[in-house]
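Novice:
2 protein chains.
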Amino acid sequence: MFKNPPTIGEFQLIDSIKKFQNLSSCVIKGVGDDAAVLELDAKRYQLFTTDMIVEGVHFLKGTAPRSIGHKALACNISDIAAMGGVPTCAVVSIGIPKGLSADYIQKIYAGMSALAKIFGVSIVGGDTVRADKMTINVALLGEVEKSRLVLRSGARPGDRIFVTGPLGGSLKSGRHLRFIPRVKEARFLVETFLPSSMIDISDGLAGDLGHVLKASKVGAIIDAAKVPRNKGAGFEAALREGEDFELLFSLPSAKAQKLIQCVHKWSVFRFFEIGEIITLPVRLFIRDAGGRLRRIKPKGFTHF
Amino acid sequence: MFKNPPTIGEFQLIDSIKKFQNLSSCVIKGVGDDAAVLELDAKRYQLFTTDMIVEGVHFLKGTAPRSIGHKALACNISDIAAMGGVPTCAVVSIGIPKGLSADYIQKIYAGMSALAKIFGVSIVGGDTVRADKMTINVALLGEVEKSRLVLRSGARPGDRIFVTGPLGGSLKSGRHLRFIPRVKEARFLVETFLPSSMIDISDGLAGDLGHVLKASKVGAIIDAAKVPRNKGAGFEAALREGEDFELLFSLPSAKAQKLIQCVHKWSVFRFFEIGEIITLPVRLFIRDAGGRLRRIKPKGFTHF
Numbered sequence: 029m030f031k032n033p034p035t036i037g038e039f040q041l042i043d044s045i046k047k048f049q050n051l052s053s054c055v056i057k058g059v060g061d062d063a064a065v066l067e068l069d070a071k072r073y074q075l076f077t078t079d080m081i082v083e084g085v086h087f088l089k090g091t092a093p094r095s096i097g098h099k100a101l102a103c104n105i106s107d108i109a110a111m112g113g114v115p116t117c118a119v120v121s122i123g124i125p126k127g128l129s130a131d132y133i134q135k136i137y138a139g140m141s142a143l144a145k146i147f148g149v150s151i152v153g154g155d156t157v158r159a160d161k162m163t164i165n166v167a168l169l170g171e172v173e174k175s176r177l178v179l180r181s182g183a184r185p186g187d188r189i190f191v192t193g194p195l196g197g198s199l200k201s202g203r204h205l206r207f208i209p210r211v212k213e214a215r216f217l218v219e220t221f222l223p224s225s226m227i228d229i230s231d232g233l234a235g236d237l238g239h240v241l242k243a244s245k246v247g248a249i250i251d252a253a254k255v256p257r258n259k260g261a262g263f264e265a266a267l268r269e270g271e272d273f274e275l276l277f278s279l280p281s282a283k284a285q286k287l288i289q290c291v292h293k294w295s296v297f298r299f300f301e302i303g304e305i306i307t308l309p310v311r312l313f314i315r316d317a318g319g320r321l322r323r324i325k326p327k328g329f330t331h332f
Numbered sequence: 029m030f031k032n033p034p035t036i037g038e039f040q041l042i043d044s045i046k047k048f049q050n051l052s053s054c055v056i057k058g059v060g061d062d063a064a065v066l067e068l069d070a071k072r073y074q075l076f077t078t079d080m081i082v083e084g085v086h087f088l089k090g091t092a093p094r095s096i097g098h099k100a101l102a103c104n105i106s107d108i109a110a111m112g113g114v115p116t117c118a119v120v121s122i123g124i125p126k127g128l129s130a131d132y133i134q135k136i137y138a139g140m141s142a143l144a145k146i147f148g149v150s151i152v153g154g155d156t157v158r159a160d161k162m163t164i165n166v167a168l169l170g171e172v173e174k175s176r177l178v179l180r181s182g183a184r185p186g187d188r189i190f191v192t193g194p195l196g197g198s199l200k201s202g203r204h205l206r207f208i209p210r211v212k213e214a215r216f217l218v219e220t221f222l223p224s225s226m227i228d229i230s231d232g233l234a235g236d237l238g239h240v241l242k243a244s245k246v247g248a249i250i251d252a253a254k255v256p257r258n259k260g261a262g263f264e265a266a267l268r269e270g271e272d273f274e275l276l277f278s279l280p281s282a283k284a285q286k287l288i289q290c291v292h293k294w295s296v297f298r299f300f301e302i303g304e305i306i307t308l309p310v311r312l313f314i315r316d317a318g319g320r321l322r323r324i325k326p327k328g329f330t331h332f
């Protein structure tokens with residue numbers, strides 16, 4: 029949410045948008061996390077997120093329509109996962125260029141629907157309009173138990189930093205069109221170890237970790253050698269490219285040890301420890317094999 | 029919702045989209061009304077709708093950014109009103125062409141925010157992406173007491189048909205950019221007389237009445253002379269142009285009489301009786317001053 033703002037004033041734009049929120053008392057968390065958090069009932073919060081994908085920016089013209097549909101929903105489900113929640117209902121807007129067949133549009137829905145089934149998402153409505161370039165917007169609701177909500181803002185110095193899978197090369201390999209959002213992993217985490225912070229990696233490890241550091245008012249050190257990378261992806265690709273849609277989370281160090289033991293013993297999921305949270309606010313360092321620290325900008329890929 | 033489908037298979041496309049819904053048990057009504065209806069708690073339903081507006085289709089390039097923001101939210105609030113509900117929380121996606129200033133984008137939010145304040149809507153999140161043409165998608169939640177929900181499907185033969193204001197000329201006059209959604213009128217109606225069906229007029233009187241007729245499996249006669257028209261708008265404009273965002277509703281005839289008396293006595297709101305519901309499914313007739321019936325197609329303006 030507001031992950032890829034224009035370079036014109038970037039963070040300044042997000043901050044200025046915040047003033048337009050008019051938040052009512054039922055809003056627990058508005059702009060500034062992967063999804064908004066709304067009061068639902070005594071035990072649960074409702075989560076609410078939206079993502080727009082545009083031809084030529086988030087996918088190329090020749091992309092298979094099923095893949096376009098898949099991605100449009102998957103990146104929203106990933107936002108719900110990043111809060112520790114499960115997705116429930118979606119509405120879908122499609123801007124359709126002239127000359128596209130009904131069959132093509134149905135394939136987009138088919139791709140979306142196949143993924144929706146896996147995660148129990150109901151597609152309950154939408155809008156279809158004319159547009160110059162294929163544009164899909166999904167808005168998605170989710171739910172999370174109040175005790176299991178995870179925000180970006182809870183990382184504390186000493187916490188260990190993890191990711192759920194290898195990073196980099198997502199665009200080149202086409203992985204961004206077929207990734208499975210990490211709902212299971214997120215639910216395992218919130219039901220067992222409860223991360224202190226979590227976010228999905230859409231803008232790149234450095235950028236999304238940057239969002240966590242800013243929200244939590246802390247810094248971080250990443251151990252370069254520990255960052256898992258996809259085949260053919262260098263460290264810079266893993267750090268900056270984005271669209272990986274793996275989860276990035278932090279855990280207090282005692283819990284982190286237990287998680288590592290648990291993973292080792294039961295081979296459940298894949299969690300890679302890649303670094304640690306430090307006190308210096310929003311400072312991000314890379315540690316090389318020799319232990320030397322190099323400060324980098326907490327920024328990843330932007331579409332602008 | 030799905031109001032302006034492509035001509036390629038139009039209704040066929042909507043019908044085929046329905047098969048992709050995967051509706052869960054918490055979905056009371058999915059695709060096919062102004063908003064989706066979801067189970068919320070013992071007394072209330074949650075409403076969920078979305079609308080996308082695109083430069084060159086729903087507004088022209090030179091349109092004031094505040095007006096663009098106003099319209100993007102207003103047409104969603106209108107959908108919630110058409111169900112009898114009140115709007116609560118919105119998420120906003122904006123596709124931004126290159127070269128637009130942060131100031132321009134902030135004015136869009138300012139227009140949206142001013143309207144949001146009037147109706148108590150919290151803007152809780154969103155997405156900003158690069159696009160060739162300015163594109164705004166709003167997804168909006170609302171609430172309605174279970175006993176006050178109004179669908180398109182409840183119109184019965186003998187019911188009287190009403191609209192909340194004059195029709196036609198909305199695009200030419202710029203009214204589509206500054207209209208105030210009829211939430212107050214809708215709430216007055218559901219709290220007092222409870223319409224048997226309701227819809228907002230976005231595709232034009234003939235088109236939107238057509239949606240009601242299809243959903244209710246009934247027909248209708250419109251008295252041409254009774255249809256209120258905006259200054260400069262002919263009958264055909266009132267019938268077809270759309271973007272009026274007035275409410276169209278039906279009331280059993282006893283309630284209709286009471287509503288007319290009530291309006292006359294207290295001068296509350298403006299409700300115009302324009303015709304009646306008949307048995308013949310999806311047949312729409314215009315009655316002229318001499319009582320002659322002319323059958324017309326239940327279709328309004330489409331963007332395709």
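In order, the protein sequences belong to chains X and Z. Position one of the first sequence corresponds to residue 29 (the working numbering), numbered consecutively onward. Position one of the second sequence corresponds to residue 29 (the working numbering), numbered consecutively onward. Just so you know, even glycine gets a beta-carbon here, dropped at the ideal spot from N, CA and C.
Show which residues of chain X have a CB atom less than 7 Å away from the CB atom of K230/Z.
Specialist: Reading off the sequence, residue 230/Z comes out as Ser, not Lys. None at all; the shortest Cβ gap to chain X is about 10 Å.
Novice: Check whether chain X comes within 8 Å of G334/Z, counting only Cβ atoms and requiring the distance to be less than that.
Specialist: Nothing about residue 334/Z can be reported from this structure: the residues present for chain Z run from 29 to 332 only.
Novice: Taking just the CA atoms, how far does R180/X sit from A100/X?
Specialist: A100/X and R180/X: Cα-Cα distance of roughly 23 Å.
Novice: If you check the beta carbons only, do D231/X and G154/X fall under 8 Å apart?
Specialist: In this structure, G154/X does not lie closer than 8 Å to D231/X by Cβ.
Novice: Does DSSP put C117/X in a helix, a strand or coil?
Specialist: If DSSP states are grouped into helix, strand and coil, C117/X belongs with the strands.
Novice: Taking Cβ to Cβ, would you say I151/Z is nearer than 8 Å to F48/X?
Specialist: A contact, by the Cβ cut-off of 8 Å.
Novice: My assumption, with CB atoms under 8 Å, is that T77/Z sits in contact with L168/Z. Please give the rounded CB distance.
Specialist: Indeed, because the Cβ distance is near 5 Å, the residues count as touching under 8 Å.
Novice: Residues of the stretch 76 to 95 of chain X with a CB closer than 8 Å to any CB of chain Z: list them in chain order, please.
Specialist: Cβ contacts with chain Z come from F76, T77, T78, D79, M80, I81, V82, G84, V85, H86.
Novice: So with CB distances below 9 Å, who are the chain Z contacts of I45/X?
Specialist: Within 9 Å Cβ-Cβ: V120, I133, Q134, Y137, I151, G154, T156.
Novice: In whole angstroms, give me the CA-to-CA distance for L66/X and I133/Z.
Specialist: Each residue's alpha carbon lies about 26 Å from the other.
Novice: Can you tell me which of R311/Z, N50/Z, S121/Z, G186/Z puts its alpha carbon nearest to the alpha carbon of V166/X?
Specialist: V166/X has its Cα closest to that of S121/Z, out of R311/Z, N50/Z, S121/Z, G186/Z.
Novice: Under 8 Å by Cβ, that's how I've got L195/Z and I227/Z pegged, so tell me the actual separation to the nearest angstrom.
Specialist: Their Cβ separation, rounded to whole angstroms, is 13 Å, which puts L195/Z and I227/Z out of contact at 8 Å.
Novice: Under 8 Å between the Cβ atoms of F299/X and T192/X?
Specialist: Against a cut-off of 8 Å, the Cβ pair of T192/X and F299/X comes out as a contact.
Novice: With a threshold of 8 Å between beta-carbons, can W307/X be considered close to chain Z, or not?
Specialist: Inspection of the sequence shows that residue 307/X is occupied by Thr rather than by Trp. It does not; no Cβ of chain Z falls within 8 Å.
Novice: Can you tell me which of G127/X, P125/X, H239/X, A253/X puts its alpha carbon nearest to the alpha carbon of D316/X?
Specialist: If we check each option's Cα against that of D316/X, A253/X comes out closest.
Novice: Hey, does V55/X have any beta-carbon neighbour from chain Z nearer than 8 Å?
Specialist: Closer than 8 Å to some Cβ of chain Z, the Cβ of V55/X qualifies, so yes.
Novice: Quick check: is any heavy atom of the ligand HEM less than 7 Å from the C-beta of E271/X?
Specialist: Among the components modelled here there is no ligand, and therefore nothing to report on the ligand HEM.
Novice: Can you tell me the Cα-Cα spacing of P309/Z and G247/Z, whole angstroms?
Specialist: If you take the alpha carbons of P309/Z and G247/Z, they lie about 5 Å apart.
Novice: Spatial neighbours of H239/Z within its chain, please: C-beta separation below 7 Å, excluding the five flanking residues on both sides.
Specialist: Taken in chain order, the residues that qualify are R180, I227.
Novice: Should E83/X be labelled buried (16 or more other beta-carbon atoms within 10 Å of its own) or exposed?
Specialist: Per the 10 Å Cβ criterion, buried.
Novice: I'd like the list of long-range same chain contacts for R188/Z, defined as Cβ closer than 6 Å, with 5 residues on each side in sequence excluded.
Specialist: Closer than 6 Å at the Cβ level, and outside the excluded window around R188/Z, lie L279, S281, A284, E301, E304.
Novice: In this structure, what does DSSP give as the bridge partners for L267/X?
Specialist: The partner list for L267/X (beta bridge, DSSP) is empty, contrary to what the question assumes.
Novice: Where does D258/Z sit, in a helix, a strand or coil, going by DSSP?
Specialist: In the sequence as displayed, the identity of residue 258/Z is Asn instead of Asp. Three-state result, N258/Z: coil.
Novice: Report buried or exposed for I146/X, applying the criterion of at least 16 other Cβ atoms within 10 angstroms of its Cβ.
Specialist: Exposed.
Novice: Can you have a look at Q74/X and say buried or exposed, based on whether 16 or more other CB atoms are within 10 angstroms of its CB?
Specialist: That one is buried.
Novice: Return no unless some Cβ of chain Z is closer than 8 Å to the Cβ of Q285/X.
Specialist: Chain Z, which has no Cβ nearer than 8 Å to the Cβ of Q285/X, makes this no.
Novice: By alpha-carbon positions, which one of A234/Z, G97/Z, L275/Z, I314/Z ends up nearest to E269/Z?
Specialist: The candidate whose alpha carbon is nearest that of E269/Z is A234/Z.
Novice: Please report the residue range of the alpha helix (DSSP H) in which D131/X lies.
Specialist: Counting along the chain, the alpha helix (DSSP H) containing D131/X begins and ends at 130 to 146.
Novice: Is any beta-carbon of chain X found at less than 8 Å from that of S106/Z?
Specialist: No - not a single Cβ of chain X is within 8 Å of the one on S106/Z.
Novice: Using only the alpha-carbon positions, how far apart do V291/Z and F297/Z sit?
Specialist: When rounded, the distance between both Cα atoms is 7 Å.
Novice: Buried or exposed: where does G318/Z fall if 16 or more other Cβ atoms within 10 Å of its Cβ makes it buried?
Specialist: Flag for G318/Z reads exposed.
Novice: What number of angstroms, rounded off, separates the C-alpha of R176/X from the C-alpha of S225/X?
Specialist: If I take the Cα positions, the gap works out to 11 Å.
Novice: In chain Z, which residues lie less than 9 Å from M140/X when you measure between Cβ atoms?
Specialist: By Cβ distance, chain Z contributes F48.
Novice: Classify L287/X as buried or exposed, calling it buried when 16 or more other Cβ atoms lie within 10 Å of its own Cβ.
Specialist: That one is buried.
Novice: Applying a beta-carbon distance threshold of less than 8 Å, which residues of chain X neighbour G58/Z?
Specialist: Simply S150, I151, V152, G153.
Novice: Less than 7 Å between C-beta atoms, sequence neighbours within five positions excluded: which residues of the same chain meet that for S89/X?
Specialist: Here the sequence assigns Lys to residue 89/X, which means Ser is not the residue at that position. Excluding positions up to five away in sequence, the list reads E83.
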